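To start, the structure itself, in structure tokens.
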Amino acid sequence: DTGVSQNPRHKITKRGQNVTFRCDPISEHNRLYWYRQTLGQGPEFLTYFQNEAQLEKSRLLSDRFSAERPKGSFSTLEIQRTEQGDSAMYLCASSPLGGVTDTQYFGPGTRLTVL
Amino acid sequence: GQQVMQIPQYQHVQEGEDFTTYCNSSTTLSNIQWYKQRPGGHPVFLIQLVKSGEVKKQKRLTFQFGEAKKNSSLHITATQTTDVGTYFCAGPGNNDMRFGAGTRLTVKP
Chain F
1 DTGVSQNPRH KITKRGQNVT FRCDPISEHN RLYWYRQTLG QGPEFLTYFQ NEAQLEKSRL
61 LSDRFSAERP KGSFSTLEIQ RTEQGDSAMY LCASSPLGGV TDTQYFGPGT RLTVL
Chain W
1001 GQQVMQIPQY QHVQEGEDFT TYCNSSTTLS NIQWYKQRPG GHPVFLIQLV KSGEVKKQKR
1061 LTFQFGEAKK NSSLHITATQ TTDVGTYFCA GPGNNDMRFG AGTRLTVKP
């Protein structure tokens, strides 16, 4: 097991286009989180899954954002009609147990640039 | 809503000097976690504190959780160039994890 992986590592897109990112958590981790991080800031919570169920979604997340975790394994985060303000690093993390307080193992992130 | 704040935002030290970053929450926390993010890297878990007044040590790093469980600190003794990075504290919200903005540490050899 090599940890949490994310693809792609970098994505450049034009405003208005849709993008999709993928996260593969550590095997058997049942919790998966998505965060957004901009320069000089800490990770900002977007959403999390326990197995395949999406249990929480930040109120900061617009309707253009959607996440899925089919079969409770990998997850995808889609941004529709991207805007320049969506440019950020999108981080995925997983944790092995059920509580929100568990240690989070982060992936390398996907850096999105919206032109 | 709950806020997690960190100070200072930046700290530049000479190698061998000590370093401390402070974390404050607007609400009582069930626990607090610390992460380190190297330049160009992703956050890496350092430690979790759960008990009121808890103190934990990892080599030159000392972590402390306040008696009221609303504040925490990370102290590094005799910094080295390998300590460079941004240190984040994080506390659980209702159903999420709230990260502070981090303290960016640079070390001059």
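Residue numbers (my numbering), protein chains in the order written: chain F, 1 to 115; chain W, 1001 to 1109. All residues carry an ideal CB built from backbone N, CA and C; glycine is no exception. Here the structure is a predicted model, which is why all the values come from computation and not from measurement.
Residue 1064 (chain W) - containing beta strand (DSSP E), residue span: 1061-1065
Nearest CA to the CA of residue 91 (chain F): which residue from F:85, F:105 and F:84? F:105
Going along the chain, which unbroken runs of the beta strand (DSSP E) with 3 or more residues stay wholly within the stretch 1014-1056 of chain W? 1019-1025, 1032-1037 and 1044-1049
Which residues share a DSSP beta bridge with residue 66 (chain F)? F:78
Along chain W, which residues have their Cβ under 8 Å away from the Cβ of residue 58 (chain F)? 1096
Extent of the continuous beta strand (DSSP E) to which residue 1092 (chain W) belongs: 1085-1092
Residue 51 (chain F): buried (16+ other C-beta within 10 angstroms of its C-beta) or exposed? exposed
Contact list for residue 41 (chain F) against chain W, beta-carbon separation under 8 Å: 1101 and 1102
Please list, in chain order, the chain W residues whose beta carbon lies closer than 7 Å to that of residue 107 (chain F). 1042
Classify residue 63 (chain F): buried if its beta carbon has 16 or more other beta carbons within 10 angstroms, exposed otherwise. exposed
Option in W:1103, W:1090, W:1043 and W:1107 with minimal Cα separation from residue 1027 (chain W): W:1090
Taking DSSP's pairing of strands, which residues face residue 53 (chain F) in a bridge? F:50
Check whether residue 1015 (chain W) and residue 1064 (chain W) have beta carbons under 8 Å apart: no
Interface flag, residue 1065 (chain W) vs chain F, CB-CB below 8 Å: no
Buried/exposed call for residue 1066 (chain W), threshold 16 Cβ in 10 Å: buried
With 16 other Cβ atoms within 10 Å as the buried cut-off, status of residue 82 (chain F): buried
For residue 75 (chain F), does the count of other Cβ atoms within 10 angstroms reach 16, so buried, or fall short, so exposed? buried
Ordered along the chain, which non-local residues of its own chain (more than five positions away) have a Cβ less than 7 Å from that of residue 1060 (chain W)? 1076, 1077 and 1078
With a threshold of 8 Å between beta-carbons, can residue 21 (chain F) be considered close to chain W, or not? no
Measuring only between beta-carbons, confirm whether residue 1088 (chain W) sits less than 8 Å from chain F. yes
Confirm, please, whether the CB-CB distance from residue 102 (chain F) to residue 31 (chain F) is below 8 Å. yes
How long is the line joining the alpha carbons of residue 1084 (chain W) and residue 29 (chain F), rounded to whole angstroms? 30 Å
Hey, does residue 55 (chain F) have any beta-carbon neighbour from chain W nearer than 8 Å? yes
is_contact[residue 1019 (chain W), chain F] using C-beta, thresh 8 Å: no
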